[in-house]
Amino acid sequence: MKVVNDGTGGFFFLDAPSGTGKTFLISLILATIRSQNGIALALASSGIAATLLEGGRTAHSALKLPLNMQINDTPTCNLSRNSAMAKVLQQCRLIVWDECTMAHKKSLEADRKSLDRTLQDLRKNQNRFGSAVLLLAVTNQDDIVNYPTEFLNLPELPGLPPHNLQLKIGSVIIMLRNINQPRLCNGTRLALCNLSYDKTQHPYISKAPLGSRLNTCRSLNETYIADKASIHIVKAFGFLKLQTENCNANFDNNVNALRNKDLSPQRNLFDQDLYDDSLDPDLCDKQLSLILANTTFALPFLDAGFRLPRGILEGNLMDLGNYHQCLAIRQSIEDTTIEGKYCSIKIPLNQEINLPEFPTFPEIPIIPPELQYKIDEYERIKKEIHTLTHANGPNFRTSDVPMLSSMAVTVALCIPKACSTHQALSAVAASLDFTEDYCRLPGDKPIAPVDYVAICVFSVIGALVLFSTCYDLLYVFLYKKDPKEKSTLYSSFSVYTNTQRLLTFKAGADSLDCLDGIRAISIIWVIVGHTYGTALEFPVQNLLRILEWIQSYGSLWIMAAPLSVDTFFMMSGLLCVYTVAKKGTRRSFLKNLPLFYLHRYLRMFPLLAAAILLQASLAHHVADGPFWSTVAREVDSCRQSWWIALLHLQNYVSGPVCIGQTWYLSVDMQLYWISPLVLVWLCAPSRGGGRRAGWCAVTSAVLTSLLAATIYCFLNDFPSHPLSNINNAARYTEDYYVNTLTRAPPFFIGMVFGYALHLWRDTKIEISKILVGILWTLAGALTSFAVFVHYPILQSDYENQIFDNFLNSYMRSFWAIGVGWLVFACKHGYGGPINWFLSLRLWKLPARLSYAMYLLHMSAMFINNSMQLSPFYFTQWNLIFTFFADMVLAILLAVILTLAVDAPFSTLQKMLFEGGANKSNQSSPLQNNNVQIVDVCKDQDLESNK
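Last residue of the sequence shown? That's 1361 in my numbering, and every number before it is there in order.
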């Protein structure tokens, strides 16, 4: 440091055995110089070693050393005087080259001669290296010891000296020093759950405590940096070491089980052993040499893989290559077969990327057009890379906050099956810094136990459907017997009978026909909102255009789509009262309360269970694509949390959510659990009277829920929309959006309107035209406010937390009041053309299918989007057409699941509660279109629970 501060220059070596802390010492020196506003250049011989140094880069990239060093007679540093690196070297006080002994000896010769003269010329100083200080860090290879397997597998704790630590998923490690975290002290055993990269490109290791909670991963704030000799936990006070504890399988079977288990969806749902077994470094080197020597064989890999994203200036930072073409590559060359492997990598933009020159063809007089096209494409890529990495001008690397420091492009890579991404790219772009997202191979989806369960369950259902349909058709058409006399049990799974019931609509005197239109329009609004939302979660070419669209009036109908869920909450509360309050007295209601809960749960269970089983099994195997990891994540969530979904606790029990939109079912079921606290006061008392108690009960419920939601929102300061504050979007969703407390007011407001409809069930209320006009105006104003208020809160300059708290507390209630008045007015003859429109027969079928459509539509969307082979170009019309496709597919899937699962189990449930297997099946639950339900616990066949 004295030489650095004096500016006299020098040439130093840092020579120490592996594992003694060279990297730590170098990091301290670099940090010290940079803290003094000096420039210190950190170099390494490989990309992996460079990631261990802050701001580290490969020597080949920084000093422009030739890649073919071994055949270059006079290696030189090809630096241009006006390049960005030349500007850095002019002001650089220290140059550190770590692991320099890993480089070819001619690289050091180039440094000693060419770099010395270059620095003298650039700095206009004839001293050695232009008075800059050069520090070479080397490792004494003689100190690296190879330990036999027998020694590593000893049951007692081995005291391992510094060695080349090889990490593997599931390996057991033990802490040697204390750390300021709960349960992390000397002797704590941990297990590696995954090896990945953090934002600074350092490999980090997630870990799980062993012992009683062997399979539970813990997430910590520390960054684990994998050094060659050991693992260091970087802390302000220094570093700590972790040591491997490789246990023999005969001594600890639990550790063996953990080694074979990984908690990430990529490893759980894809065959990791297939990936590991296919890697062969020697075979990879051989195949890469054959490919590079034969341009014809290289073209399929280049064509299916590496390309820069098109439309980067519009926000597209991703290119997907050609997924299916890559996996279909199978070429036989000499005595080896080369197969393709599709990988996705992230490339930070703040780096110098130097691709090798494309081979020339002196022996070919005329290059074929298709080959010339690929050559031109390769040259274009090189130009675009140069443009991107110099976007801030020549000095952007020395600025405090480079524009590209946090940006990375995601590109597809097609490489031989035997190669890892790092080994493959080291052959053509050794200086490229990147991180691997994932790799895919043909046949990498293993069959899981849940797949066998799904095959058995759906095979049984299919057999029942076939048997029941045959019985039904034979009974009606062959034997020509009276359909009313056939067995309800035997025909319960009949496609013929269930289709008749599905398409038969009957309206009773108490029916609320307008609810069919409201329900159908609401489910359509849900699907179109999810069409936009899921499409934008996948690669989009013109992301900047989307950001502009979000802040325009044209996006309001999508940004306000979550209000459709509040419509369902309001209808759920309304029907809960309207169908139950007339059934009997308070005493009879309390007596049948267990049936109230049981009936509700059983009506929701069959379709939900079928959707979960489909999501956990069939969804993973139905198709494939470059973004199939998104589907895999959803599948893995259902395999872990299926029981939480069936118990309707997903909004409170931590863990992945199975079928994301089913949070609504959890909240709705929880509101039904507490609804008897109000319902008991709405049923007729045994001795007459009770209206006053009923009104007090529903009014108190509404006011209490509003007060609780208001206090909660003002105490927590949530944003009013997840897109208005991206940093708090997760907190908004978890603590507000799916919270039963904040969702309760629309439900209880629905109970108010349901009670009013119940009291005047057989009487039309006479309301003056002036009052009707006022009420319609008020309802229109409230609903319009709830929609149009999304415009100001989504503007980039919006910042008003008090208004956010107000919206979170009351906006959804405003919407529920408006929709509640709509139902009340239509029922009592004040709806006019609105009631006519909402009561049209065209709404009745989608209204009946809405529950199944709600459960199935997003899974279909994720599957479709995960199959896309190129980024989506956003326009309103593109997504409208996509919505119609999603809508038709949702209806088809809903019809199939309704006929095969929902209708049969609805009939069986009716038989269970009413008794008798031979009763006529003409009064099926599906025919009870609105509220013609005789059971005290049932509300319109769950058609409101969407």
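Note that beta-carbon positions come from the ideal geometry of N, C-alpha and C, so glycine has one too. Computed from a prediction, not measured in an experiment: that's the story for all the values here.
8 Å CB neighbourhood of Ala501 in its chain, flanking five on each side removed
Leu494, Ser495, Leu537
Distance between Phe685 and Phe1011 (C-alpha atoms, nearest Å):
43 Å
For Asp1219 and Tyr1067, the rounded distance between their alpha carbons:
24 Å
For Ser1254 and Asp925, believed in contact at Cβ under 8 Å, the rounded distance:
Not a contact, Cβ separation roughly 14 Å.
Cβ distance (whole Å) where Ile760 is taken to contact Glu851 below 8 Å:
5 Å
Under a three-way DSSP split, which group does Ser1183 fall into?
coil
Taking DSSP's pairing of strands, which residues face Thr836 in a bridge?
Answer is none; Thr836 lacks a bridge partner.
Spatial distance of Leu1029 from Arg1106 (CA atoms):
47 Å
Which runs of the alpha helix (DSSP H) at least 4 residues long sit entirely within the segment 1063 to 1124? Give them in chain order.
1078 to 1089, 1091 to 1097
Is Asp430 helix, strand or coil when you go by DSSP?
strand
Can you tell me the Cα-Cα spacing of Val1234 and Tyr867, whole angstroms?
46 Å
I need the boundaries of the beta strand (DSSP E) containing Val1362, first residue and last residue.
In the structure displayed, the chain extends from 416 to 1361; residue 1362 sits before or after that span and is not available.
Rounded to the nearest angstrom, what separates Ala1060 and Val1072 at their Cα positions?
8 Å
In angstroms with no decimal places, state the Cα-to-Cα distance between Arg745 and Thr752.
7 Å
Give me whichever residues DSSP pairs with Ile748 in a beta bridge.
Thr751
Between Leu440 and Ala455, which are expected to be in contact by the criterion C-beta below 8 Å, what is the C-beta distance as a whole number of angstroms?
Not really, about 13 Å apart at Cβ, beyond 8 Å.
If you drop the 5 nearest sequence neighbours on each side, which residues of the same chain put their C-beta closer than 6 Å to that of Leu572?
Unreliable positioning characterises Leu572 in this predicted model, as indicated by a pLDDT of 47, which lies under 50. The coordinate reading is nonetheless provided below. Here the set comprises nothing.
Just to confirm, is the Cβ distance from Phe1042 to Phe953 under 9 Å?
yes
At 4 residues or longer, what runs of the alpha helix (DSSP H) sit wholly inside the segment 1123 to 1199?
1144 to 1147, 1155 to 1174
Here's the rule: buried if 16 or more other CB atoms are within 10 angstroms of the residue's CB, otherwise exposed. What is Lys921?
exposed
Pairwise C-alpha distance: Ser979 and Trp1057
26 Å
Which residue or residues does DSSP assign as beta-bridge partners of Thr850?
Lys761
So, at 6 Å on beta carbons, what are the nonlocal neighbours of Ala1231 in its own chain, with the 5 sequence-adjacent residues on each side left out?
Asp981, Met985, Pro1161, Ile1164
Decide yes or no for the touch test of the segment 1000 to 1016 against the segment 1088 to 1100: beta carbon pairs closer than 8 Å, at least 3 of them.
yes
Counting Cβ pairs, one atom from each stretch, are 3 or more of them under 8 Å apart for the segment 1222 to 1231 and the segment 1189 to 1200?
yes
For Gly1362 versus Gln1055, is the C-beta distance shorter than 9 Å?
The requested residue 1362 does not occur in the structure, where the chain is confined to residues 416 to 1361.
For Gly1246 and Lys1006, what's the separation of their Cα atoms in angstroms?
38 Å
Exposed or buried, what is Arg1176 when buried is set at 16 or more other beta-carbons lying within 10 Å of its beta-carbon?
exposed
Is Ala459 helix, strand or coil by DSSP?
strand
Could you check what DSSP says for Ala935 in three-state terms: helix, strand or coil?
helix
Tell me, which residues are paired with Gly425 by DSSP?
Val548
Let me see if you follow: with CB-CB separation under 9 Å, is Gln451 close to chain C or not?
Judged by its chain identifiers, the structure shown contains no chain C, having just a single protein chain.
Residue range of the beta strand (DSSP E) that includes Arg508:
507 to 513
Ordered along the chain, which non-local residues of its own chain (more than five positions away) have a Cβ less than 8 Å from that of Tyr890?
Lys896, Pro898, Lys901, Ser906
From Gly755, Gly422, Val824, residue whose alpha carbon lies closest to that of Cys854:
Gly755
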